[in-house]
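Chains as they are written, first to last, in our numbering: chain C, 94 to 205; chain F, 1235 to 1345.
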């Protein structure tokens, strides 16, 4: 049973560029949440997708957007990258009627 | 709204016990505990639900005091593999699975 997978593992971009991160949820899970984790901090909630719609959103600007596909996989898009966007981006999947969230290995984004 | 974890860091010798606390100013629906090793994703340990029982497996257990909106993680007879940063993630009563994480507690277990 494959767990949560994310791609790419690492990414280096320059300010102003755009980036797309991808996530495949754990088998049987239909809900995907995205988190940003700065160095030395706990994960911060960006948004959550269920049934291809954004269900909840944290305090992140509109530069952060996402999408969920019919197979439950998800993308996180960040436009007009800033230096402060450098972080580990984590995807967590869960089941609509469950409580546990399982995290993927993350994508390390560096903005130069 | 961010839960407060204490202590910020703790250093143990193998076999010693530790308690990590997580408290919130908001009424909580659930508390989730994760352990994260350097450069890795957080690993789910356990979840405590409002009205639920104390959880635990082997030498790691946790409790949830609903009146005080506090949770504690108990690590007994610690092993080297317990080293890492422990995060509590809280779900506000009536929320929708959005987790708000504390800043973490760094646990180091030495031989």
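Even for Gly, the Cβ is constructed at its ideal location relative to N, Cα and C.
Quantities reported herein were computed from a predicted structural model and do not represent experimental measurements.
Cβ-based burial, residue i [other Cβ within 10 Å; buried from 16]
i, result
"residue 1325 of chain F", "buried"
"residue 80 of chain C", "Lying outside 94 to 205, the shown extent of chain C, residue 80 of chain C is not represented and no answer is given."
"residue 1319 of chain F", "buried"
"residue 203 of chain C", "exposed"
"residue 102 of chain C", "exposed"
"residue 1345 of chain F", "exposed"
"residue 1245 of chain F", "exposed"
"residue 1314 of chain F", "exposed"
"residue 1311 of chain F", "exposed"
"residue 119 of chain C", "buried"
Per DSSP, cross-strand counterpart(s) of residue i
i, result
"residue 1334 of chain F", "F/1324"
"residue 149 of chain C", "C/141"
"residue 1263 of chain F", "According to DSSP, which records beta bridges pairwise, residue 1263 of chain F is partnered with nothing at all."
"residue 205 of chain C", "None; residue 205 of chain C has no bridge partner."
"residue 1239 of chain F", "F/1256"
"residue 1244 of chain F", "F/1341"
"residue 1279 of chain F", "Looking at the DSSP assignment, residue 1279 of chain F forms no beta bridge with any residue, so it has no partner."
Backbone secondary structure at residue i - three-state DSSP
i, result
"residue 1314 of chain F", "helix"
"residue 197 of chain C", "coil"
"residue 132 of chain C", "coil"
"residue 253 of chain C", "Given that chain C is displayed from residue 94 to residue 205, the structure contains no residue 253 of chain C and the question cannot be resolved."
"residue 176 of chain C", "helix"
"residue 110 of chain C", "coil"
"residue 122 of chain C", "coil"
"residue 95 of chain C", "coil"
Enclosing beta strand (DSSP E) for residue i [first to last residue]
i, result
"residue 1342 of chain F", "1339–1344"
"residue 168 of chain C", "167–171"
"residue 1299 of chain F", "1294–1299"
Assumed close pair residue i, residue j - CB separation to whole angstroms, cut-off 8 Å
i, j, result
"residue 151 of chain C", "residue 134 of chain C", "With a Cβ gap of about 14 Å, residue 151 of chain C and residue 134 of chain C do not count as contacting."
"residue 1309 of chain F", "residue 1294 of chain F", "6 Å"
"residue 1321 of chain F", "residue 195 of chain C", "No, residue 1321 of chain F and residue 195 of chain C are not in contact; Cβ-Cβ is about 14 Å, not under 8 Å."
"residue 1253 of chain F", "residue 1298 of chain F", "So it is not a contact: roughly 14 Å between Cβ atoms."
"residue 158 of chain C", "residue 184 of chain C", "The pair is not a contact, with the Cβ atoms about 15 Å apart (cut-off 8 Å)."
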